[in-house]
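The structure appears below as structure tokens.
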Amino acid sequence: MKPLLQVRNLRKHFPVRGGFFRRVTGWLKAVDGVSFDLPRGQTFGLVGESGCGKSTLGRAILRLHEPTGGRVLLDGTDITALERRALTRQRRHMQIIFQDPYASLSPRRTILQTLLEPMEVHRLGTPESRREKVLELLHIVGLGPEVLHRYPHEFSGGQRQRIGIARALTLDPKFIVADEAVSALDVSVQSQVLNLIARLQRELGISFLFISHDLAVVQHISDQVGVMYLGRLVETAPTDELYRDPRHPYTRALLSAIPVPDPKWRSRRILLQGEIPSPLHPPPGCPFHTRCPEAMPVCRREMPDWRPIKEGGIPHRVACHLY
Ligand code: SF4
């Protein structure tokens with residue numbers, strides 16, 4: 009069966025302007041040639057250090073940032089080729105949940121108004137059926153009708169995130185980008201919201217792109233995981249395989265930093281030297297060579313290809329001269 013989402017060589021480059029005339033003096037390659045598939049009803053976990061381009065990738069897929077190049081196909085429709093009005097219609101199938109739901113909920117609208125709005129904009133249903141749908145969505149996310157006439161500031165962070173999720177569900181989307189959706193929550197609330205997302209995936213068949221800097225959280229919720237570094241994917245694999253048998257040196261370093269209750273853990277930790285380079289001036293060859301403990305002379309000269317090392321089902325791919 010065709011994957012729900014196909015991302016092909018997606019790029020998002022931002023112009024950097026300088027001088028008196030604000031001329032373009034360079035390009036920040038926030039996303040630079042990303043490709044992956046997301047099957048229906050599955051979750052793709054996207055990890056990487058802050059500033060690696062993962063949030064920009066999520067937004068470029070939804071065209072909240074206009075891509076510089078590449079293609080995104082959702083259920084066979086080329087999102088990148090749609091003109092404005094067709095894109096607005098298509099938007100009901102793809103939604104986003106933000107890290108800070110408070111920022112995305114209007115403080116002057118009640119929860120009822122907030123949840124009705126997307127259905128009113130897309131002219132879906134009748135006033136009665138919309139209200140029924142709001143009650144159903146609140147039930148799905150574990151809230152009752154008593155919240156309908158309250159305002160966002162009256163809720164806790166976890167409750168607000170549930171409202172943000174209910175809002176993302178109002179238009180029955182096929183695909184949701186969850187951008188650091190649980191990062192701001194306490195650990196106990198985090199697991200409740202993660203369980204809710206996993207249930208939505210299972211029961212409603214929604215596909216998620218789950219973006220997080222937290223590898224333990226991503227492991228809990230994803231069918232496959234992609235590791236990003238300086239605007240590129242460096243490794244993707246089924247979740248179990250990536251955590252059991254990571255191949256790229258960057259993935260190994262990230263995984264070695266997850267704390268485990270083992271006194272020998274410190275000795276196994278791979279400490280990366282140096283800072284992540286600026287995406288404005290990425291190093292030549294393999295972008296990771298300035299920090300890689302296994303770098304070879306070829307790594308300074310040539311960009312490694314993005315190649316499969318295991319086919320079948322969800323493939324295991326890696327961009328590294330070691331393979
Ligand atoms: Fe390290 Fe070379 Fe592989 Fe890059 S290509 S990750 S520098 S070994």
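Numbering-wise (the working numbering), the sequence shown opens with residue 9 and increments by one.
Each residue gets a CB set at the ideal place from its N, CA and C atoms; glycine is no exception.
Provide the residue span of the beta strand (DSSP E) that contains residue i, from first to last.
i: residue 102; result: 102-105
i: residue 149; result: Element bounds for residue 149: n/a, residue is neither H nor E.
i: residue 21; result: 13-26
i: residue 48; result: Careful: residue 48 lies outside any beta strand (DSSP E) and carries neither H nor E.
i: residue 325; result: 324-326
i: residue 69; result: Not the beta strand (DSSP E): residue 69 falls in the alpha helix (DSSP H), residues 62-69.
i: residue 215; result: 215-219
i: residue 236; result: 232-237
i: residue 186; result: 183-187
Locate the alpha helix (DSSP H) running through residue i, then write down its first and last residues.
i: residue 244; result: Note, residue 244: premise wrong, no alpha helix (DSSP H); beta strand (DSSP E) at 240-246.
i: residue 166; result: 165-177
i: residue 53; result: That residue, residue 53, is in no alpha helix (DSSP H); its beta strand (DSSP E) goes 51-55.
i: residue 223; result: 223-229
i: residue 258; result: 257-264
i: residue 278; result: Here residue 278 belongs to no alpha helix (DSSP H), and DSSP marks it neither H nor E.
i: residue 206; result: 195-212
Are there 16 or more other CB atoms within 10 angstroms of the CB of residue i, so buried, or fewer, so exposed?
i: residue 247; result: buried
i: residue 266; result: exposed
i: residue 129; result: exposed
i: residue 304; result: exposed
i: residue 220; result: buried
i: residue 54; result: buried
i: residue 256; result: buried
i: residue 242; result: buried
i: residue 122; result: buried
i: residue 398; result: Absent from the model: residue 398. The displayed extent of the chain is 9 to 331, so no value can be given.
Between the options, which has its C-alpha nearest residue i's C-alpha?
i: residue 42; options: 28, 58 and 63; result: 63
i: residue 168; options: 219, 124, 257 and 108; result: 108
i: residue 254; options: 240, 37, 239 and 232; result: 232
i: residue 239; options: 264, 288 and 149; result: 288
i: residue 170; options: 179, 191 and 200; result: 200
i: residue 178; options: 224, 252, 310 and 208; result: 208
i: residue 100; options: 125, 119 and 111; result: 125
i: residue 317; options: 311, 330, 309 and 306; result: 330
i: residue 186; options: 102, 299, 306 and 38; result: 102
i: residue 38; options: 117, 75, 140 and 31; result: 75
i: residue 79; options: 18, 236, 251 and 47; result: 18
i: residue 282; options: 290, 298, 276 and 294; result: 298
i: residue 319; options: 91, 249, 196 and 277; result: 249
i: residue 310; options: 323, 322 and 327; result: 327
i: residue 244; options: 184, 325 and 280; result: 325
i: residue 22; options: 61, 210, 47 and 134; result: 61
i: residue 224; options: 242, 89 and 190; result: 190
i: residue 212; options: 202, 234 and 183; result: 183
i: residue 132; options: 71, 180 and 252; result: 180
i: residue 58; options: 204, 85 and 262; result: 262
i: residue 113; options: 162, 84 and 322; result: 162
i: residue 206; options: 195, 222, 192 and 228; result: 228
i: residue 214; options: 313, 197, 96 and 83; result: 83
i: residue 323; options: 308, 28, 52 and 193; result: 52
Following a CB-centred definition, is residue i positioned closer than 8 Å to any heavy atom of the ligand GTP?
i: residue 324; result: Absence of the ligand GTP is noted for the structure shown, with the ligand SF4 being the only ligands found.
Mind pulling the beta strand (DSSP E) runs of 3 or more residues that sit fully within the region 281-320? 315-318
Could you tell me which uninterrupted beta strand (DSSP E) segments, each at least 3 residues in length, are contained entirely in the region 73-140, listed from first to last along the chain? 77-82 and 102-105
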